[in-house]
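Undergrad: Input: one structure, supplied below.
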Ligand SMILES: O=C(O)CCC(=O)C(=O)O
Ligand SMILES: [Fe+2]
């Protein structure tokens, strides 16, 4: 199937944005300016344990989003991850097409461009590369980029580091919810908990004020940890407004996803977010989605419900949750 890639479209030097990318008036960035100045929480992992549990708890409750500093991942490793991802997208188009995925046949891994149109028949200004990174028994190295040759080594190294940070954060969040520290990871499958890598590429856009890179959504994951390049664009929704998230070098952008909202029985909300695009610059981001395995049963944790706090969400497998979300069915 022929798929029109946004990157290929962007390189022909368009004067105007093609109609399928023009958002309806109320969705346009120009008509929903983000609040600047009030900044999202920035949390250093090097602060004392007690304070750390509390600040993370507050950030998850108030924002569902925060930036993480002093996380221990070497900045050079983040740089290398960005280099190998950038190099893949600089390959000739026909090379990239060898990795094309086909979500309509259930094959999500590989090189893709979202074609499913939303209710207004609009699409997003973004191409991506998506693949599983963890657990090792589910990883298909043959679908990962073979070029540059160092892609695999760098990504495996990053996977190791991001897994450690994810586990630390899940422990801190468990404690903040008043649970035993292993509670969330165990519910998310323990050693079978999955990490997925999605590299987003937002090419320069001829009329960025009319388009969106990704439209407003919450992530289906338990949590998402993202690093962007230096081009800002992410916005998060809080109390009825969009907030622009400034770039902070080497920080990890942490999102509460739908599964933590369910497990916490709504104490923490998965954060609504979107991304904007840029006229001159290419924006990229590396999102790692931490998810349960498909067969895991996810519902409000027993320790968080009682007669005064009845369950607000139904319990279902992650596969069922995904099916409903993809098909826009009620949960
Ligand atoms: O690029 C970004 O900052 C956001 C990407 C995103 O929300 C996603 O891939 O789910
Ligand atoms: Fe997202």
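In full-length UniProt numbering, the protein residues as written are 1 to 331.
By construction, the Cβ of each residue, glycine as well, lies at the ideal position given by its N, Cα and C atoms.
Rounded to whole angstroms, what's the CA-CA distance from residue 225 to residue 6? Just pull it up for me.
TA: Whole-angstrom Cα-Cα distance: 24 Å.
Undergrad: Give me the Cα-Cα distance between residue 242 and residue 32, rounded to the nearest whole angstrom.
TA: Those two C-alpha atoms are separated by around 8 Å.
Undergrad: Work out the CA separation of residue 104 and residue 329 for me, nearest whole Å.
TA: When rounded, the distance between both Cα atoms is 18 Å.
Undergrad: What would DSSP say about residue 264, mapped onto helix, strand or coil?
TA: If DSSP states are grouped into helix, strand and coil, residue 264 belongs with coil.
Undergrad: For residue 76, count neighbouring C-beta atoms within 10 Å of its own C-beta (all shown protein chains included) and say buried if the count is 16 or more, exposed if not.
TA: So residue 76 ends up on the exposed side.
Undergrad: Excluding the 5 residues flanking residue 244 on each side, which residues of the same chain have their C-beta closer than 6 Å to its C-beta?
TA: 34, 36 and 235.
Undergrad: Of all the beta strand (DSSP E) runs that stay within the bounds of the segment 176-205, which reach a length of 3 or more residues?
TA: Counting only runs of 3 or more, we get 194-202.
Undergrad: In chain order, which continuous runs of the alpha helix (DSSP H) of length 4 or greater are located wholly inside the segment 36-100?
TA: List check, alpha helix (DSSP H) in window: 49-62, 75-89 and 93-97.
Undergrad: Any chance the CB of residue 219 is under 7 Å from a heavy atom of ligand 1?
TA: Yes, Cβ of residue 219 sits closer than 7 Å to a heavy atom of ligand 1.
Undergrad: Alpha carbon to alpha carbon, how far is residue 288 from residue 310?
TA: Residue 288 and residue 310: Cα-Cα distance of roughly 32 Å.
Undergrad: For residue 29, verify whether its CB is less than 7 Å away from any heavy atom of ligand 1.
TA: No.
Undergrad: I want to check one thing, is the minimum distance from the CB of residue 112 to the heavy atoms of ligand 1 below 7 Å?
TA: No; taking the cut-off as 7 Å, the Cβ of residue 112 has no heavy atom of ligand 1 nearer than that.
Undergrad: Closer than 7 Å to a non-hydrogen atom of ligand 1 - does that hold for the CB of residue 273?
TA: Because some heavy atom of ligand 1 lies under 7 Å away, the Cβ of residue 273 counts as near it: yes.
Undergrad: Any contact of the segment 88-106 with the segment 268-279, i.e. 3+ C-beta pairs under 8 Å?
TA: Result no; under three Cβ-Cβ pairs closer than 8 Å.
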